[in-house]
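Below is one structure, written out as structure tokens; comments come after it.
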């Protein structure tokens with residue numbers, strides 16, 4: 001497997017790098033900053049060294065140390081620089097199943113489609129066949145960071161982590177823990193073995209694959225409260241707290257990241273209470289076992305109680321909103337506005353393969369539609385997500401949910417350069433005729449009409465990892 005070297009990859013682009021042209025990024029849930037003639041510098045470590053407005057790039061190269069011989073990338077009039085997109089919930093092993101099985105509800109879909117495909121990764125060679133192309137496709141669609149759900153198999157999970165590292169994609173990865181409630185052998189009944197396998201993956205990532213914490217981050221991953229017993233939940237909580245990371249001083253209650261499903265359907269909520277009796281709420285169960293904290297990612301969160309939201313907000317957890325899959329499987333509508341108003345972090349997820357698209361642009365569109373469906377059904381426009389909010393959720397919101405707000409999500413000085421060069425001057429998918437001088441209109445057209453054809457270059461930590469003219 002070849003790792004592209006940023007000093008040689010594609011069209012002569014190397015580090016340090018100066019990008020000059022239109023720059024667009026979210027600065028808050030309600031504001032999008034547009035700099036029409038920005039000059040942005042990326043140092044040899046792939047971090048943003050400076051961002052200036054109305055500055056000539058050659059002049060900037062002279063003024064900043066280390067940039068005298070920097071490569072200069074000048075954007076075309078209908079191109080703009082945009083932060084890398086962040087997928088807060090994606091099932092890697094389900095990638096081959098995209099667009100299949102959506103005729104049923106969640107239970108039918110899991111038993112008929114999810115369990116069989118996930119169980120098949122007991123053959124680790126399948127991971128090596130499926131995951132490289134999947135990561136390439138995600139990068140080509142502008143997804144620079146992904147919170148991946150894997151399978152119950154430690155070796156297949158390690159393969160996923162190694163492929164992400166090799167291809168330069170930022171990723172959160174952990175072995176999925178399923179003990180009860182699944183079919184087709186897609187579970188590990190031996191709690192000790194399951195915990196041992198989880199630890200194996202965590203330690204491989206921390207100690208061998210990415211000890212500096214540059215790209216790949218391990219996580220603890222119970223599938224959901226309805227699939228993991230009290231004993232294993234307790235063991236996962238202890239494992240979560242057994243690691244200290246000096247690279248993450250804001251880790252709060254949980255030293256490792258956590259990914260889990262929560263309140264996707266009413267049946268799942270009911271099954272959780274039957275498996276874990278005595279808790280006031282779903283959130284209380286997770287929190288009791290030490291799995292709640294500012295780096296906990298909870299997928300779906302549709303059927304929440306007031307108590308759930310109270311505990312979630314107090315613990316600083318984040319929610320992956322998966323509007324596409326929730327609609328396809330008829331799970332329900334996540335009330336994103338309620339979560340945001342309560343101070344709960346929210347990002348967007350594709351939830352492949354219950355969601356039929358791996359594009360975060362599609363997730364933005366679907367989140368917009370679901371918010372409008374809520375307004376239609378209730379007669380209350382408060383549910384509608386504004387365009388600025390959609391941009392925020394796809395970038396900075398996702399960074400917050402993934403515990404990476406200090407690393408990525410916008411073009412703030414000191415952050416890693418995770419970025420896209422977007423081109424809306426292409427007749428085959430985005431038509432901006434008559435709006436060539438309006439950057440806001442160009443952005444809206446790309447979000448609602450664009451796809452991978454519009455994405456010319458993709459950078460992660462300054463490395464040129466995907467794009468139309470990338471030369472391996």
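In the UniProt record's numbering, the protein residues as written are 1 to 472.
Don't be surprised by glycine CBs; every beta carbon is placed ideally from N, CA and C.
So residue i is in the beta strand (DSSP E); what residue range does that whole segment cover?
i	result
residue 419	419-423
residue 79	79-83
residue 40	31-42
residue 21	17-28
residue 218	216-222
residue 346	345-348
residue 52	48-53
residue 170	170-174
residue 73	71-74
residue 238	Here residue 238 belongs to no beta strand (DSSP E); instead the alpha helix (DSSP H) covers 230-240.
residue 460	455-460
Excluding sequence positions up to five away, which residues of its chain have a Cβ less than 6 angstroms from the Cβ of residue i?
i	result
residue 467	456, 457, 458
residue 449	430
residue 452	140, 141
residue 30	388
residue 52	39
residue 351	89, 322, 325
residue 309	342
residue 307	280, 281
residue 57	18, 20, 39, 72
residue 237	289, 290, 291
residue 54	37
For the putative contact between residue i and residue j, defined by C-beta atoms under 8 angstroms, what is the C-beta separation to the nearest angstrom?
i	j	result
residue 124	residue 171	Residue 124 to residue 171, Cβ: 18 angstroms. No contact.
residue 325	residue 354	3 angstroms
residue 106	residue 304	Incorrect: roughly 16 angstroms between the Cβ atoms, too far for contact.
residue 150	residue 211	Rounded, the Cβ-Cβ distance is 20 angstroms, inconsistent with contact.
residue 311	residue 281	7 angstroms
residue 83	residue 409	6 angstroms
residue 167	residue 465	7 angstroms
residue 119	residue 185	5 angstroms
residue 368	residue 390	6 angstroms
residue 371	residue 385	4 angstroms
residue 393	residue 346	6 angstroms
residue 360	residue 35	That belief does not hold up - the Cβ atoms of residue 360 and residue 35 are roughly 23 angstroms apart, past 8 angstroms.
With a CB to CB cut of under 7 angstroms and the five nearest residues on each side skipped, what residues in its chain are close to residue i?
i	result
residue 214	461
residue 246	Only weak support exists for where residue 246 lies, its pLDDT of 40 falling under 50; the coordinates are left without a value.
residue 269	263, 282, 303
residue 227	178, 179, 180, 181, 182
residue 160	92, 127, 131, 148, 150, 173
residue 146	87, 90, 138, 169, 171
residue 42	15, 16, 17, 48, 49, 417, 462
residue 216	161, 164, 165, 171, 173, 205, 209, 210
residue 117	93, 94, 96, 97
residue 454	422, 423, 424, 426, 429, 430, 446
residue 114	94
residue 349	87, 88, 89, 90, 299, 320, 321, 322, 363
residue 59	none
residue 13	71, 73, 464
residue 134	92, 95
residue 249	No answer about residue 249 holds up, because its pLDDT of 41 lies below 50 and its placement is not dependable.
residue 373	333
residue 176	149, 150, 151, 152, 221, 223
If you measure from the beta carbon of residue i to each beta carbon in chain B, is any gap under 9 angstroms?
i	result
residue 157	Considering every chain present, this structure includes no chain B. It has just one protein chain.
Could you pull the start and end residues of the alpha helix (DSSP H) that residue i belongs to?
i	result
residue 338	336-341
residue 264	Unbroken run through residue 264: none, as it is neither H nor E.
residue 448	439-449
residue 475	Since the first and last residues shown for the chain are 1 and 472, residue 475 lies out of range.
residue 63	57-63
To which residues of the same chain is residue i closer than 8 angstroms at the C-beta, ignoring the five residues directly before and after it?
i	result
residue 75	19, 20, 21, 22, 81, 421
residue 191	179, 229, 231, 232, 235
residue 112	101, 104
residue 432	78, 424, 425, 441, 442, 445
residue 272	224, 225, 226, 282, 285
| task | Pair every Cβ in the stretch 294-304 with every Cβ in the stretch 396-403, then say whether three or more of these pairs are closer than 8 angstroms. | result | A contact exists between the stretch 294-304 and the stretch 396-403.
| request: Specify whether the stretch 424-440 and the stretch 66-80 touch according to this definition: at least 3 beta carbon pairs, one from each stretch, less than 8 angstroms apart. | output: The answer is yes - the stretch 66-80 touches the stretch 424-440, with three or more Cβ pairs under 8 angstroms.
| query | Counting pairs of Cβ atoms below 8 angstroms between the stretch 279-293 and the stretch 331-341, do you hit three or more? | reply | These segments do not touch.
| Contact between the stretch 215-229 and the stretch 256-272: three or more CB pairs below 8 angstroms? | yes
| Would you say the stretch 434-442 touches the stretch 413-421, given that touching needs at least three Cβ pairs under 8 angstroms? | no
| task | Please specify which runs of the beta strand (DSSP E), each continuous and at least 3 residues long, are wholly inside the stretch 87-131, giving them in chain order. | result | none
| In the stretch 274-328, which residue ranges form an unbroken alpha helix (DSSP H) of at least 4 residues, counting only runs that do not cross its ends? | 282-288, 306-315, 323-328
| Counting only runs that start and end within the stretch 352-391, where is the alpha helix (DSSP H) found for 4 or more residues in a row? | Correct list: 360-378.
| query | If we count Cβ pairs, one from each stretch, closer than 8 angstroms, do we get three or more for the stretch 196-204 versus the stretch 233-242? | reply | By the Cβ test, the stretch 196-204 is in contact with the stretch 233-242, since at least three Cβ pairs between them sit closer than 8 angstroms.
| message | As an exercise, report each continuous alpha helix (DSSP H) stretch of at least 4 residues that is fully enclosed by the stretch 141-213, in chain order. | response | 154-167, 191-203
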